[in-house]
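Engineer: Take this structure first; my questions come after.
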Amino acid sequence: MPDGAIAQPQSTPRPLIDAFGRCVSYLRLSVTDRCDLRCAYCMSERMKFLPKSELLTLEELVRVSDAFIARGVRKIRLTGGEPLVRRDVIKLIKALGQRLGNGLEELTLTTNATLLEACAHDLAAAGVRRINVSLDTIDPAKFREITRRGDLGAVMRGLDAADAAGLGVKINTVALKHQNADDLPGMIEWAHGRGYDLTLIEIMPLGDTGEDRFDQYLPLSAVRDALAARWTLIDEPRGDFLAGPSRYVKVNETGGRLGFITPLTNNFCAGCNRVRVTCTGRIYMCLGQDDYVDLRDAIRADAAPGQFPGASSEGVFAARPEEAPDRALDRALDRALDRALGAKPEKHDFAIRGHGAAPALDRHMSMTGG
Ligand code: SAM
Ligand code: SF4
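Heads up: the sequence shown is residues 3 to 372, going by the numbering used here.
Written out as structure tokens, the structure is:
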């Protein structure tokens, strides 16, 4: 338990259970919609970002997190956009790190790693133990092409810093028909050689990117067949509640783990244990559906941060107050969580059926928090 963390709360949390009996224990919290890259499957080249005034403040992000922890959420992943481009994000991570051991079991983030070199040490010191790094190629020219601007050298320095800080790294790689299909075995060998798990992801039709997703989409069923012809893939049993939608195999020849996230070819919604909150405070109960509940209204209906129970001179950045689950002042937020859970859809229904098809949703992944 990091310094400043406090003892377990006395009362039992009222769990977040949806209409299909699924218990939500995992929050993905987007801290910004902005990014320093423009990955061709994620954003459009001329992406318009939200005015900063629409974003939840760092204090509000902590309050939202506390409300979820009080309802049994045990894992929080910060995401975006690129979480590390948000000014003072380390302050937020330190505040959330104080919740570890006090309801929260894991604090992590998903990052493109371009800014990781400078913050890897702070992340580890705040209690982050492992991170996901999104990387689709280890070829510098292809990296620049896929991200439409990125410098692979910065990512590699970020990874070296993560290793030096003792952070566990998992690589996430979106499988792309033309841009990385042939390089995937080399990526897997590289990642396993560095001691990283690697998870392959099918592209999802979210938001207009100015590119035709049919030209990019590579079904992982075909990738798996090709890899199985080259290597021995040994299925791993499903993991614990934190494991998520990945199906893992061990690659006998490299000794490393390889995951497959297949939203298109193999729906995994029956075991969904997560919700997503955007940087403006909307809770999306499903990445692939439009239903949301606005938590920002609820937060602002509740007490002002200065009145927050347990607030010290550091306000809500102090350790989570012991009476958090019962406190009166966040009732509107708590009711909003009940409304959201009651409306969690059964499943997404993505498809990429042909050339020129419109995205399944207008919302980009970078808005919902991937
Ligand atoms: N910027 C950070 C990063 O790239 O790791 C965090 C946010 S990014 C939206 C989170 C993940 O979503 C990344 O792994 C990215 O590859 C993935 N992603 C973005 N758009 C996607 C899409 N349309 N289909 C599948 N994955 C996507
Ligand atoms: Fe930025 Fe991540 Fe989207 Fe790439 S995938 S544009 S790094 S938010």
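We put the beta carbon where it would ideally sit given N, CA and C, even for glycine.
Taking buried to mean at least 16 other C-beta atoms within 10 Å of its own C-beta, is E47 buried or exposed?
Structural biologist: Burial check for E47: the Cβ neighbour count within 10 Å stays below 16, so the residue is exposed.
Engineer: Give every residue of the same chain whose Cβ lies closer than 6 Å to the Cβ of H180, excluding the five residues on either side of it in the sequence, and list them in chain order.
Structural biologist: none
Engineer: What does the shell around the ligand SF4 hold, if a residue joins when its beta-carbon is under 7 Å from any heavy atom?
Structural biologist: C37, L39, R40, C41, C44, M45, G82, G83, E84, N114, S136, T149, M367, S368, G372
Engineer: Measuring only the C-alpha atoms, how far is R76 from S27?
Structural biologist: Going from the Cα of R76 to the Cα of S27 covers about 5 Å.
Engineer: Could you check how far apart the C-beta atoms of L106 and I78 are, in whole angstroms? I think they sit under 8 Å.
Structural biologist: 6 Å
Engineer: Just reading off the beta strand (DSSP E) that E108 is part of, what are its end residues?
Structural biologist: Where E108 is concerned, the enclosing beta strand (DSSP E) stretches over 108 to 113.
Engineer: Output yes or no for whether 8 Å exceeds the beta carbon distance between V66 and I263.
Structural biologist: no
Engineer: Report the start-end ranges of each beta strand (DSSP E) in the stretch 190 to 264 that is 3 residues or longer and not cut off at the edges.
Structural biologist: 199 to 203, 235 to 237, 249 to 253, 259 to 263
Engineer: Taking the alpha carbon of T370 as the reference point, which residue from D296, A303, H357 has its own alpha carbon closest?
Structural biologist: D296
Engineer: Is D20 buried or exposed, if buried means 16 or more other CB atoms sit within 10 Å of its CB?
Structural biologist: buried
Engineer: Just checking T34 against the ligand SAM - is the residue's beta carbon closer than 7 Å to any of the ligand's heavy atoms?
Structural biologist: no
Engineer: Since T175 sits in a beta bridge, which residues does DSSP pair it with?
Structural biologist: DSSP, once it has assigned bridges, lists L202 as partnering T175.
Engineer: Write down the C-beta distance between I140 and V176 rounded to the nearest angstrom, noting that I regard them as a contact closer than 8 Å.
Structural biologist: That pair is no contact at about 14 Å.
Engineer: Just how far apart, CA to CA, sit I8 and W233?
Structural biologist: The predicted position of I8 is uncertain, since its pLDDT is 42 and thus under 50; no value can be drawn from it.
Engineer: Less than 8 Å between the beta carbons of R276 and Y286, yes or no?
Structural biologist: Contact check for R276 against Y286 fails: the beta carbons are separated by 8 Å or more.
Engineer: Which of the three DSSP states, helix, strand or coil, is assigned to T267?
Structural biologist: coil
Engineer: Suppose you measure from the CA of D336 to the CA of L29; what does that come to, to the nearest Å?
Structural biologist: Straight-line Cα distance between these residues: approximately 15 Å.
Engineer: So that I know if they touch, is there some Cβ in chain B lying closer than 8 Å to that of R298?
Structural biologist: The structure shown contains no chain B, having only a single protein chain.
Engineer: Quick one, which of R159, A97, Y294, L102 has its alpha-carbon nearest A115's?
Structural biologist: R159
Engineer: Is the beta carbon of T34 less than 8 Å from the beta carbon of L18?
Structural biologist: no
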